[in-house]
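Novice: Following this message is one structure expressed as structure tokens.
Protein chains in written order, with my numbering: chain A, 1 to 511; chain B, 512 to 896.
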């Protein structure tokens with residue numbers, strides 16, 4: 001450890017309003033290593049990296065790059081200091097080629113041609129050196145997500161970065177794409193690059209990092225060698241208490257069918273058929289899990305069931321057919337039928353981020369004649385009171401109904417949505433990506449709530465891209481690929497490999 | 512909870528913007544060789560120094576409150592209604608038709624009817640762009656601004672072809688019947704013995720405007736419809752999830768917005784001119800945008816901003832009357848206020864926010880050094896383990 005650290009942060013603090021996102025953080029990253037930063041959503045990981053990349057200015061603290069004290073007022077300075085960043089959401093121009101994206105912002109001279117030629121040769125060298133093969137003339141929109149990420153990495157390397165920061169890089173990748181990414185990262189480490197990997201997934205930390213720092217509530221709680229720790233120990237450091245990583249549940253006791261879907265077809269606004277004639281059934285007291293890589297029609301399935309997308313086919317709720325296109329097809333009429341919906345994107349759909357928590361508790365159930373209305377007006381006092389009670393029952397922190405939704409962490413936001421939907425006592429709960437962007441401590445709680453609802457004899461349709469979640473929660477698993485259901489499995493009689501094949505659209509029909 | 516206390520958001524930021532606008536205006540006045548302090552004195556004396564000045568200030572403020580509310584309601588649904596000018600013009604037509612339709616025996620009968628007429632015509636004028644937006648996706652900013660010009664042309668045509676009494680030179684309608692004349696503030700205050708200048712046209716519409724403010728507040732923050740309007744304005748996907756129909760919200764909001772703009776005609780057409788003349792709106796529709804921006808789309812803020820712009824219009828008129836400062840410069844001063852309070856809002860807001868953040872951090876720092884209270888220690892581990 002006698003070498004000069006590639007990056008050293010000393011006493012970094014940053015506050016956003018009353019939220020102390022980073023509190024006196026010090027960290028030292030050795031060159032040629034992969035350093036993981038793990039923590040729950042809202043722990044301050046991204047803020048810290050944004051400070052390092054010049055997006056935010058720290059309120060206090062110092063940054064040393066290779067032993068030199070460095071000021072990073074903007075991302076230009078970060079690039080000049082040899083820092084490259086790969087964002088969770090790529091910053092690529094979709095209809096430009098790979099080459100054009102790589103020189104974007106790093107063109108030299110008024111004419112493009114010399115820059116492009118130079119980039120082409122350099123790109124070839126980089127590709128050979130790091131085994132990062134991408135067709136330089138392919139347009140970004142034609143590339144898979146995994147390849148787009150490579151372009152982001154190449155962009156950083158082209159700018160001579162020798163410190164790479166990756167923010168939740170596997171969030172959008174399939175399991176095999178994630179493996180490929182880790183191989184690339186390993187290769188970069190061999191070539192002496194320093195890598196900072198920000199993630200909330202324990203498995204990734206264990207798999208690839210040399211050292212890991214744990215953040216909790218804006219503070220750096222520990223930095224340990226990965227070889228000397230365990231997932232359980234890291235989880236405990238992240239949450240501040242022991243965490244159950246498995247879901248405890250009794251066998252299901254399925255009752256009468258609640259939801260019956262037959263030959264459902266959905267065409268999206270662009271005229272593309274996203275759901276291609278699927279049939280399924282969910283019974284009272286069971287959880288049907290829909291597995292699949294994102295974008296294979298699961299979202300559209302939820303939207304039709306939730307009443308804000310039209311479709312053809314028949315859907316029966318407790319034996320009665322539901323209107324799929326007419327006047328009776330909207331969120332309100334679905335709620336009246338006993339369908340509650342925790343949408344996939346809680347920040348865009350499930351919540352109004354600028355509204356107070358209490359307003360969000362009424363959201364969707366705000367109509368006249370409901371529990372929250374008093375004559376022509378809304379009974380705001382009753383809503384606030386009810387919200388307070390829900391927050392206590394669902395352990396929402398901070399338990400303040402007057403705080404805007406955007407001021408809660410992802411897990412607590414999800415608890416607000418969940419409390420609203422579950423406590424309506426629905427016959428059927430639609431729940432999409434229940435723990436996306438949710439901290440480990442809250443995942444445990446949310447899973448328990450879902451299982452408890454099932455045990456009360458409710459039907460639950462779960463859509464998730466997290467295979468672990470599907471495997472541990474579902475009583476039956478259906479796999480969607482390209483708008484079709486490829487097959488159904490019992491969790492006890494399947495494994496990740498089997499499901500993975502179905503997710504890729506491969507069935508053993510011949511066998 | 513947010514970046515700074517509410518009072519700073521609502522009062523301090525506009526105040527600082529205003530001071531900046533005033534400083535710049537002072538420099539402009541200095542530049543043409545006049546004394547800015549003297550100019551300010553003329554404005555204050557002219558607008559607020561007498562009940563005569565107050566009367567005009569309040570009269571203008573009434574207009575701006577109506578048009579400001581119109582813009583604000585649409586803002587809450589994330590729509591930019593620039594058509595206040597045209598909607599108020601049509602509102603004038605509605606008011607005039609109602610007032611001329613019957614030999615009204617008393618204003619208490621004429622006023623409710625005129626309110627319906629003005630609101631209905633204003634709403635109808637907003638309904639067409641609203642429908643085009645909701646069903647055809649034609650952008651409301653473009654269509655409402657085009658409808659302003661159609662409204663101007665329509666009124667000129669109607670005034671000269673049908674509405675103008677035979678033999679009259681001026682292109683205006685006949686004077687409204689005596690029973691359609693609204694009581695002025697002078698009349699009303701005389702009842703309780705308070706003297707008020709007889710000259711200014713401020714009238715009972717002022718109280719109608721204040722009632723409209725209360726109504727808008729009630730609608731937006733106390734009714735399920737207002738909840739849907741605000742939710743739709745913040746997030747359309749969330750609105751869809753909750754079962755809020757975009758078409759319904761766009762139509763209803765624009766009808767309310769147009770109706771409020773149309774109500775402005777009660778003040779100008781019925782209260783002041785007592786007949787419909789050409790260009791009865793006089794830019795109040797556009798100033799309403801600045802009023803809504805400055806008032807942060809809240810009825811209380813709109814009352815304050817409406818008063819400020821009433822002051823600027825009346826004070827500016829006095830300034831032009833008493834000094835050699837040309838009226839064009841008065842427009843420049845008004846524009847500076849709009850620029851600073853509306854367009855450059857963030858320029859002032861961000862440094863003020865930073866000051867508050869630093870102060871709170873310093874306080875938090877002090878709190879850190881004191882012994883920890885149970886309140887800010889980490890939560891205890893659960894007993895369930």
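Every residue gets a Cβ at the ideal spot worked out from N, C-alpha and C, and that includes glycine. What you are looking at is a predicted structure, and each value in this text was computed from that prediction instead of being measured.
Cβ atoms of residue 261 of chain A and residue 278 of chain A: under 8 Å apart, would you say?
Specialist: It is a contact, given that the beta carbons lie within the stated cut-off.
Novice: Which one of A:9, A:18, A:74 has the shortest CA to CA distance from residue 867 of chain B?
Specialist: Comparing Cα positions, the closest option is A:18.
Novice: Along the chain, where does the alpha helix (DSSP H) containing residue 445 of chain A start, and where does it finish?
Specialist: Counting along the chain, the alpha helix (DSSP H) containing residue 445 of chain A begins and ends at 440-455.
Novice: Examine chain B for any beta-carbon lying closer than 8 Å to the beta-carbon of residue 367 of chain A, and answer yes or no.
Specialist: It does: the Cβ of residue 367 of chain A has a partner Cβ on chain B nearer than 8 Å.
Novice: Residues of chain A with a CB under 8 Å from the CB of residue 756 of chain B: which are they?
Specialist: Correct list: 330.
Novice: Using CA coordinates, which residue listed in A:186, A:308, A:286, A:155 is at the minimum distance from residue 750 of chain B?
Specialist: Among A:186, A:308, A:286, A:155, the Cα nearest to that of residue 750 of chain B is on A:308.
Novice: Could you tell me which residues DSSP puts in a beta bridge with residue 219 of chain A?
Specialist: According to DSSP, residue 219 of chain A bridges with A:216.
Novice: Where does the unbroken alpha helix (DSSP H) through residue 88 of chain A begin, and where does it stop?
Specialist: Counting along the chain, residue 88 of chain A falls outside any alpha helix (DSSP H), and DSSP gives it neither H nor E.
Novice: Would you call the CB atoms of residue 597 of chain B and residue 659 of chain B closer than 8 Å?
Specialist: Yes, Cβ-Cβ distance for residue 597 of chain B and residue 659 of chain B is below 8 Å.
Novice: Please list, in chain order, all residues of the same chain as residue 879 of chain B whose beta carbon is under 6 Å from its beta carbon, the five residues on each side excluded.
Specialist: Below a pLDDT of 50, predicted positions are generally treated as unreliable, and residue 879 of chain B, at 49, falls in that range; no measurement from the model is reported.
Novice: Assess, as a yes-or-no matter, whether the region 296-305 of chain A is touched by the region 476-490 of chain A under the definition of 3 or more beta carbon pairs within less than 8 Å.
Specialist: In short, these stretches touch, since the Cβ pair count reaches three.
Novice: Less than 8 Å between CB atoms is the rule here; does residue 738 of chain B satisfy it with respect to chain A?
Specialist: Yes, residue 738 of chain B counts as interfacial toward chain A.
Novice: What does residue 308 of chain A touch in chain B if you count any residue whose Cβ is under 8 Å from its own?
Specialist: Result: 751, 752, 754.
Novice: Below 7 Å CB to CB, which residues in the same chain sit around residue 853 of chain B once its five sequence neighbours on both sides are set aside?
Specialist: 801, 804, 805, listed in sequence order.
Novice: Between the region 54-65 of chain A and chain B, which residues of the former have a C-beta closer than 8 Å to a C-beta of the latter?
Specialist: Listed by position along the chain: 59.
Novice: Hey, is residue 295 of chain A's beta-carbon within less than 8 Å of any beta-carbon in chain B?
Specialist: No, residue 295 of chain A does not count as interfacial toward chain B.
Novice: Would you check whether the ligand SAH has a heavy atom nearer than 7 Å to the C-beta of residue 463 of chain A?
Specialist: Of the ligands one can find in the structure shown there are none, so the ligand SAH has no counterpart to examine.
Novice: Pick from A:242, A:459, A:159, A:499: whose alpha carbon is nearest that of residue 471 of chain A?
Specialist: Nearest of A:242, A:459, A:159, A:499 to residue 471 of chain A, Cα basis: A:499.
Novice: Pull the bridge partners of residue 28 of chain A from the DSSP assignment, please.
Specialist: Answer by DSSP bridge pairing, in chain order: A:8.
Novice: State buried or exposed for residue 360 of chain A, treating a residue as buried only when at least 16 other CB atoms are found within 10 Å of its CB.
Specialist: Under this definition residue 360 of chain A is a buried residue.
Novice: Which residues in chain A sit within 7 Å of residue 748 of chain B, going by Cβ to Cβ distance?
Specialist: Within 7 Å Cβ-Cβ: 348, 349.
Novice: In angstroms with no decimal places, state the Cα-to-Cα distance between residue 811 of chain B and residue 721 of chain B.
Specialist: Approximately 9 Å, taken between the alpha carbons.
Novice: Is residue 419 of chain A helix, strand or coil when you go by DSSP?
Specialist: If DSSP states are grouped into helix, strand and coil, residue 419 of chain A belongs with the helices.
Novice: What does residue 64 of chain A pair with, by DSSP beta-bridge criteria?
Specialist: In DSSP, residue 64 of chain A forms a bridge with A:8, A:69.
Novice: I'd like the list of long-range same chain contacts for residue 857 of chain B, defined as Cβ closer than 7 Å, with 5 residues on each side in sequence excluded.
Specialist: Around residue 857 of chain B: no qualifying Cβ.
Novice: Are the region 214-231 of chain A and the region 443-453 of chain A touching, with three or more C-beta to C-beta distances below 8 Å?
Specialist: Counting Cβ pairs under 8 Å, fewer than three are found: no touch.
Novice: Going by CA-CA distance only, name the one from B:704, B:739, B:518 that's closest to residue 759 of chain B.
Specialist: Residue B:739 is the option with its Cα nearest to residue 759 of chain B.
Novice: DSSP state of residue 50 of chain A, grouped into three classes?
Specialist: Helix at residue 50 of chain A.
Novice: State yes or no: is the beta carbon of residue 15 of chain A nearer than 8 Å to at least one beta carbon in chain B?
Specialist: It does; some Cβ of chain B falls within 8 Å.
Novice: Alpha carbon to alpha carbon, how far is residue 602 of chain B from residue 633 of chain B? Give it in angstroms, no decimals.
Specialist: Their Cα atoms are separated by approximately 5 Å.
Novice: Does the separation of the CB atoms of residue 36 of chain A and residue 205 of chain A fall below 8 Å?
Specialist: For residue 36 of chain A and residue 205 of chain A, yes; Cβs fall inside 8 Å.
Novice: Compile a chain-ordered list of the residues in the region 369-382 of chain A whose CB is closer than 9 Å to at least one CB of chain B.
Specialist: If the cut-off is 9 Å between Cβ atoms, the region 369-382 of chain A has 370, 372, 373, 376, 377, 378, 380 near chain B.
Novice: Please report how far the alpha carbon of residue 275 of chain A lies from the alpha carbon of residue 314 of chain A, in whole angstroms.
Specialist: Cα to Cα, the separation comes out at about 13 Å.
Novice: Could you compute how far the alpha carbon of residue 580 of chain B sits from the alpha carbon of residue 548 of chain B?
Specialist: Cα to Cα, the separation comes out at about 33 Å.
Novice: Would you say residue 599 of chain B lies against chain A (beta-carbon separation less than 8 Å)?
Specialist: Not an interface residue.
Novice: Under 8 Å between C-beta atoms, does residue 1 of chain A make it to chain B?
Specialist: Because the pLDDT of residue 1 of chain A is 47, which lies under 50, any placement of that residue in the model is unreliable, and the number read from its coordinates should be weighed accordingly. No, residue 1 of chain A lies away from the interface with chain B (no Cβ there is under 8 Å from its Cβ).
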